[in-house]
Ligand SMILES: [Zn+2]
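Numbering (my numbering), first residue to last: 166 to 370.
Here it is in structure tokens:
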């Protein structure tokens with residue numbers, strides 16, 4: 166009877182699992198080991214993924230029969246195939262990794278471009294707001310000018326009316342002056358005539 170305490174030899178976090186083993190296992194290609202309950206499940210899953218056979222045996226059960234020469238040769242060939250498949254999977258992983266890195270770079274550039282565009286939109290909106298403010302200010306200024314012009318127009322009309330009035334009064338005054346001048350002339354003539362009459366009437370010396 167084997168008295169050795171079997172421990173799980175499964176790789177875990179850089180070392181081996183080391184938990185008490187519950188079963189021995191043997192892969193189709195002859196690799197053997199002991200595993201805990203948790204890793205027995207994991208090995209079953211791996212065997213299913215690889216589509217390869219794994220056999221579990223009781224720890225104290227009979228040792229599985231050793232494999233013959235022909236079987237060993239067949240299994241070694243199978244290992245080579247599996248290694249090739251593993252390498253292919255690794256290559257596929259590498260090209261996927263490269264494609265992923267490329268996509269990440271494109272996403273990074275797109276994000277930068279988006280930030281630039283957002284900044285441009287923000288600038289354009291600020292410019293638009295500023296232009297609208299200037300347009301509103303110009304409209305207010307135009308309204309003020311229009312109001313001032315109306316006021317000036319009214320003042321000008323009033324001034325013209327005043328000027329017209331002054332002109333007509335001046336003309337009236339001028340005509341009165343003329344009448345007065347004519348009247349004065351007439352009076353002057355009458356005076357001279359009267360003086361002449363008086364001179365005739367004076368006794369001669
Ligand atoms: Zn384990």
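For every residue, glycine included, the Cβ atom is placed at its ideal position computed from N, Cα and C. Just so it is clear, the structure is predicted and the values come from calculations on it, not from any experiment.
For this session: Report the residue ranges of all beta strand (DSSP E) runs contained in full by the region 174-247; include only those spanning at least 3 residues, in chain order.
Result: 188-192, 197-200, 219-223
For this session: Output yes or no for whether 8 Å exceeds the beta carbon distance between residue 182 and residue 171.
Result: no
Exercise. What's the C-alpha gap between residue 329 and residue 315?
Worked result: 21 Å
Exercise. Going straight from the alpha carbon of residue 246 to that of residue 215, what length do you get?
Worked result: 12 Å
For this session: Tell me, to the nearest whole angstrom, how far the beta carbon of residue 190 is from that of residue 198; I am working on the premise that it is less than 8 Å.
Result: 6 Å
Exercise. Cβ of residue 205 within 8 Å of Cβ of residue 188?
Worked result: yes
Problem set entry | Straight-line Cα distance separating residue 333 from residue 353 | Roughly 30 Å between the two C-alpha positions.
Exercise. Does the beta-carbon of residue 310 have 16 or more other beta-carbons within 10 angstroms, so that it is buried, or is it exposed?
Worked result: By the 10 Å Cβ count, residue 310 comes out exposed.
For this session: Per DSSP, which residues does residue 172 bridge with? Please list them.
Result: In DSSP, residue 172 forms a bridge with 185.
For this session: Please go through the same chain and pick out, in chain order, the residues whose beta-carbon is closer than 8 Å to the beta-carbon of residue 325, but skip the five residues on each side of it.
Result: If you ignore the 5 residues before and after residue 325, its C-beta comes within less than 8 Å of no other C-beta in its own chain.
Exercise. If you draw a straight line from the alpha carbon of residue 257 to that of residue 263, how long is it in whole angstroms?
Worked result: Distance between residue 257 and residue 263, taken at the CA atoms: about 10 Å.
Exercise. Cβ-heavy atom distance between residue 184 and ligand 1 below 7 Å?
Worked result: yes
For this session: Helix, strand or coil for residue 367, going by three-state DSSP, please let me know.
Result: coil
Exercise. Where residue 254 and residue 260 are concerned, what is the direct C-alpha to C-alpha distance, given to the nearest angstrom?
Worked result: Residue 254 and residue 260 have their C-alpha atoms roughly 10 Å apart.
For this session: Just the C-alpha distance for residue 345 and residue 323, rounded to the nearest angstrom, thanks.
Result: 32 Å
Problem set entry | Buried versus exposed call for residue 365 [16 or more other C-beta atoms within 10 Å across all chains shown] | Exposed: under 16 other Cβ atoms inside 10 Å.
Exercise. Around the Cβ of residue 186, are there at least 16 other Cβ atoms within 10 angstroms (buried) or fewer (exposed)?
Worked result: By the 10 Å Cβ count, residue 186 comes out buried.
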